[in-house]
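Peer 1: Residue numbers (the numbering used here), protein chains in the order written: chain A, 1 to 264; chain B, 1 to 315.
In this text, a Cβ means the ideal position worked out from N, Cα and C, and glycines have one as well.
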Ligand SMILES: Nc1ncnc2c1ncn2[C@@H]1O[C@H](COP(=O)(O)OP(=O)(O)OP(=O)(O)O)[C@@H](O)[C@H]1O
Ligand SMILES: [Mg+2]
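#1: Hey, how far is the Cα of residue 206 of chain A from the Cα of residue 238 of chain A?
#2: Verify the CB distance criterion: does residue 196 of chain B have a CB-CB separation below 8 Å to chain A?
#3: If we cut at 8 Å on Cβ distances, does residue 177 of chain B have a partner in chain A?
#4: As a quick exercise: from B:257, B:222 and B:33, pick the residue whose alpha carbon is nearest that of residue 99 of chain B.
#5: Starting from residue 203 of chain B, find everything on chain A with Cβ-Cβ shorter than 7 Å and list it in chain order.
#6: Using DSSP with H/G/I as helix, E/B as strand and the rest coil, what is residue 237 of chain A?
#7: By the 7 Å beta-carbon criterion, what residues does the region 182 to 193 of chain B contribute toward chain A?
#8: Where does the unbroken alpha helix (DSSP H) through residue 106 of chain B begin, and where does it stop?
#9: Any chance the CB of residue 114 of chain A is under 7 Å from a heavy atom of ligand 2?
#10: Would you call the region 83 to 91 of chain B and the region 109 to 119 of chain B in contact, with 3 or more CB pairs under 8 Å?
#11: With a floor of 4 residues, list each alpha helix (DSSP H) that falls wholly inside the region 175 to 248 of chain A, ordered by position along the chain.
#12: List the endpoints of the continuous alpha helix (DSSP H) containing residue 170 of chain A.
#13: Identify the contact partners of residue 126 of chain A in chain B, using a Cβ-Cβ distance below 7 Å as the criterion.
#14: Is the beta carbon of residue 73 of chain B less than 8 Å from the beta carbon of residue 241 of chain B?
#15: List the residues of chain A whose Cβ lies closer than 9 Å to the Cβ of residue 206 of chain B, in chain order.
#16: Pick from A:67, A:70 and A:210: whose alpha carbon is nearest that of residue 199 of chain A?
#17: Below 6 Å CB to CB, which residues in the same chain sit around residue 44 of chain B once its five sequence neighbours on both sides are set aside?
#18: Of all Cβ atoms in chain B, is any one closer than 8 Å to the Cβ of residue 53 of chain A?
#19: Between residue 26 of chain A and ligand 1, is the CB less than 7 Å from at least one heavy atom?
#20: Using the three-state DSSP reduction, which class does residue 220 of chain B fall into: helix, strand or coil?
#21: Which residues, in chain order, sit with a beta-carbon under 7 Å away from any heavy atom of ligand 2?
#22: Quick one: grab the DSSP three-state call for residue 233 of chain B.
#23: Under 9 Å, CB to CB, which of the residues in the region 137 to 160 of chain A have a partner in chain B?
#24: Please confirm whether residue 211 of chain B has its beta-carbon closer than 8 Å to some beta-carbon of chain A.
#25: On the CB-based measure, 16 or more other CB atoms within 10 Å of its CB, does residue 255 of chain B come out buried or exposed?
#26: Taking only three categories from DSSP, how would you classify residue 259 of chain B?
#27: What is the rounded straight-line gap between the Cα of residue 70 of chain B and the Cα of residue 25 of chain B?
#28: How many angstroms separate the CA atom of residue 318 of chain B from the CA atom of residue 142 of chain A?
#29: Taking Cβ-Cβ distances shorter than 8 Å, what residues in chain A pair up with residue 111 of chain B?
#30: Hey, is residue 302 of chain B's beta-carbon within less than 8 Å of any beta-carbon in chain A?
#31: Looking at residue 19 of chain A and residue 208 of chain A, is the spacing between their C-beta atoms short of 8 Å?
#32: Of all Cβ atoms in chain B, is any one closer than 8 Å to the Cβ of residue 219 of chain A?
#33: Assuming the contact rule is C-beta atoms closer than 8 Å, residue 75 of chain A and residue 116 of chain A should be a hit. Round their C-beta distance to whole Å, please.
#34: Kindly indicate the opening and closing residues of the beta strand (DSSP E) around residue 34 of chain A.
#35: Return no unless some Cβ of chain B is closer than 8 Å to the Cβ of residue 102 of chain A.
#36: List the residues of chain B that residue 99 of chain A touches, going by C-beta distances under 9 Å, in chain order.
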């Protein structure tokens, strides 16, 4: 906890209490309880359809849970609208890239900066000339290695660059906590390796909830891992504990395979 | 690369210069008809410009935009009918009435998306239309004649047709300039971002609805002012101004000229209304020609005519 010296409260940054979400007959979140203390990188793994994205949707307020509660930084945010959760310091990236395709890369990130630079009822001055928006945006791009691509229209970027931009936009909101939904999805091995390095950097100053199928990355980065299957938490613990957990190996990692597997 | 000396830049400059010279032609030729036609074109181009702000930049397909044309026009007409001709009262009232209507209608419509938004804006416009039909004191179905144009205490004389034309042209160019400032401001970035990806906008922290609503109100008032001009131009106001086909015309102008392009609505208005004028002399079924033309533009030139002009320079 040495990077949060000013904090004296012991409450975890994110606390999820018996969160339940049903889609018709499908229970996408089944009484999920989870705590993420300040500074932790917490990975969530689980097979396709386990409810990982649905969990993030509820954390940011796009999806309303049927029951349960979410506390963030000491307050109950279960009914708080999405934009306000962003203001409180919760930022997400999307599993399926969700960007402003017809804007330049820098415009995308500058919008994220603008969202947290007071209200936007400013009607006259050209926003693209505002250093207060452009400079932090460039800094966020530099952190994910996209600085050179600032002026390119987003629709012309490669898939890997889209994934990097996803992270840059989340970062530009200056969050306390990042919720990353499969940041490495569809990336080649080199790009993945670079993303692992980026996340390792971010981990030093941010609390992160990481959803990822790439087990190598998960075991390399995570402080703790939670395993989700059919909406339920079947295990939660240190990477060593998860690796040794018989139920996890049976349900997810595959009984015969080595604990560290490649791409999911 | 000189930003202005593109095909597109030249066409726009030529168009604006030509519009500015219409009164000169009229005086030299001694034929006042083109002035009447182009005053109408300029006013409707202003209405289309206001629609373009929410439709082209904001992605809000309002199918009831002519309602604000009528509300602004009726504000002028009703006040004139009651014997008050001061433009200092009429025009602010036209702005206020259209802004307020847009606020109420927008607040309700912006709860919906996509096709529903189109249908709900249409429904509200129809409601306003039938309210006007019900105004027995002000001519109901038949409308009312406006006997005097708005008066500005001798500063400008709107009953002079050339002066009035230049007032309309100045307000049109002012609307385009305002749109340009708006779309590049912080506010405009939010409005455009919400068109591009509303979900992401919320995720990064924008309460987008209040910005969209503000844009809707700005567009409504700009169109209301165009309505005040229209009432002065025709010296007549009737519910027909707000008929849903009029809203359709405005959409056609925007799409034909180029959605999300500053001068697109002007180009679209000139194209549509001049074609209508020329072709209706030739045949009663001029729409048979304009209809397919519109389809061609929609199918093959996604940026409208302005997009074609911009593309002509890219090779
Ligand atoms: N909007 C929805 N309506 C109905 N069912 C849904 C909806 N969203 C998700 N589901 C269902 O909820 C379950 C969990 O889906 P979710 O997308 O959260 O899984 P996931 O763990 O993110 O999977 P993946 O690894 O494939 O991304 C699935 O069975 C899915 O079909
Ligand atoms: Mg998912």
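Peer 2: Quick answer:
#1: The residue given as residue 206 of chain A occupies position 206 in the first chain. The residue given as residue 238 of chain A occupies position 238 in the first chain. Straight-line measurement puts the Cα of residue 238 of chain A at about 19 Å from the Cα of residue 206 of chain A.
#2: Start at 1 with the first residue of the second chain, and residue 196 of chain B comes out as number 196. For residue 196 of chain B, the answer is yes, since a Cβ of chain A falls inside 8 Å of its Cβ.
#3: Residue mapping note: residue 177 of chain B aligns to position 177 of the second chain, counting from 1. So, not an interface residue.
#4: As a working mapping, residue 99 of chain B is identified with position 99 in the second chain. Residue B:222 holds the alpha-carbon nearest to the alpha-carbon of residue 99 of chain B among B:257, B:222 and B:33.
#5: Residue mapping note: residue 203 of chain B aligns to position 203 of the second chain, counting from 1. Residues of chain A passing the Cβ test: 60, 82, 86 and 92.
#6: Residue 237 of chain A sits at position 237 when you count from the first residue of the first chain. Correct three-state label for residue 237 of chain A: strand.
#7: Answer in chain order: 182, 184, 185, 186, 187, 189, 190 and 193.
#8: Mapped onto the second chain, residue 106 of chain B falls at position 106. Residue 106 of chain B -> alpha helix (DSSP H) spans 87 to 109.
#9: The count along the first chain starts at 1 and reaches residue 114 of chain A at position 114. Look at residue 114 of chain A: its beta carbon is at least 7 Å from all of the heavy atoms in ligand 2.
#10: In short, these stretches do not touch, since the Cβ pair count stays below three.
#11: You should have 189 to 203, 215 to 221 and 239 to 244.
#12: Position 170 of the first chain, counted from the first residue, corresponds to residue 170 of chain A. Run containing residue 170 of chain A: 159 to 172, per the alpha helix (DSSP H) assignment.
#13: Your numbering for residue 126 of chain A matches position 126 in the first chain. The contacting residues are 184 and 185.
#14: Position 73 of the second chain holds residue 73 of chain B. Position 241 of the second chain holds residue 241 of chain B. Taking 8 Å as the Cβ cut-off, residue 73 of chain B and residue 241 of chain B qualify as a contacting pair.
#15: For this step, residue 206 of chain B is matched to residue 206 along the second chain. Those are 83, 86, 111, 114, 115 and 120, listed as they occur along chain A.
#16: Position 199 of the first chain, counted from the first residue, corresponds to residue 199 of chain A. Ranking A:67, A:70 and A:210 by Cα distance to residue 199 of chain A puts A:210 first.
#17: Within the second chain, the letter at position 44 stands for residue 44 of chain B. Cβ-Cβ distances below 6 Å link residue 44 of chain B to 269 in the same chain, with the five nearest sequence neighbours on each side left out; the list follows chain order.
#18: The residue given as residue 53 of chain A occupies position 53 in the first chain. Answer no: the Cβ-Cβ gap between residue 53 of chain A and chain B never drops below 8 Å.
#19: Here residue 26 of chain A refers to the residue found at position 26 when the first chain is read from its first residue. Residue 26 of chain A Cβ: within cutoff of ligand 1.
#20: Position 220 of the second chain, counting from 1, holds the residue named residue 220 of chain B. In the structure shown, residue 220 of chain B sits in a helix (DSSP, three-state: H, G or I).
#21: Answer in sequence order: A:52, A:53, A:95, A:181, A:182 and A:211.
#22: Here residue 233 of chain B refers to the residue found at position 233 when the second chain is read from its first residue. Residue state, collapsed to three classes: helix.
#23: Listed in sequence order: no entries.
#24: Within the second chain, residue 211 of chain B is the residue found at index 211, counting from 1. Residue 211 of chain B has a beta carbon lying within less than 8 Å of a beta carbon in chain A.
#25: One-based indexing of the second chain puts residue 255 of chain B at position 255. When all chains shown are included, residue 255 of chain B counts as buried.
#26: On the second chain, residue 259 of chain B is found 259 positions in, with the first residue counted as 1. Of the three classes helix, strand and coil, the one that applies to residue 259 of chain B here is coil, per DSSP.
#27: One-based indexing of the second chain puts residue 70 of chain B at position 70. One-based indexing of the second chain puts residue 25 of chain B at position 25. Roughly 31 Å between the two C-alpha positions.
#28: Because chain B here runs from 1 to 315, residue 318 of chain B falls outside it and cannot be looked at.
#29: Here the question's residue 111 of chain B lines up with position 111 in the second chain. None at all; the shortest Cβ gap to chain A is about 14 Å.
#30: Against the second chain, residue 302 of chain B aligns to sequence position 302. Output row for residue 302 of chain B: interface = no.
#31: The sequence position of residue 208 of chain A within the first chain is 208, counting from 1. The sequence position of residue 19 of chain A within the first chain is 19, counting from 1. Taking 8 Å as the Cβ cut-off, residue 208 of chain A and residue 19 of chain A do not qualify as a contacting pair.
#32: Here residue 219 of chain A refers to the residue found at position 219 of the first chain. So, not an interface residue.
#33: In the first chain, residue 75 of chain A corresponds to position 75, counting from 1. In the first chain, residue 116 of chain A corresponds to position 116, counting from 1. Incorrect: roughly 18 Å between the Cβ atoms, too far for contact.
#34: Reading the first chain from its first residue, position 34 is the one you call residue 34 of chain A. Element bounds for residue 34 of chain A: 26 to 36.
#35: As a first step, residue 102 of chain A must be located in the first chain, where it is residue number 102. Taking Cβ atoms only, chain B reaches closer than 8 Å to residue 102 of chain A, which makes this a yes.
#36: Residue 99 of chain A sits at position 99 when you count from the first residue of the first chain. The contacting residues are 196, 197 and 200.
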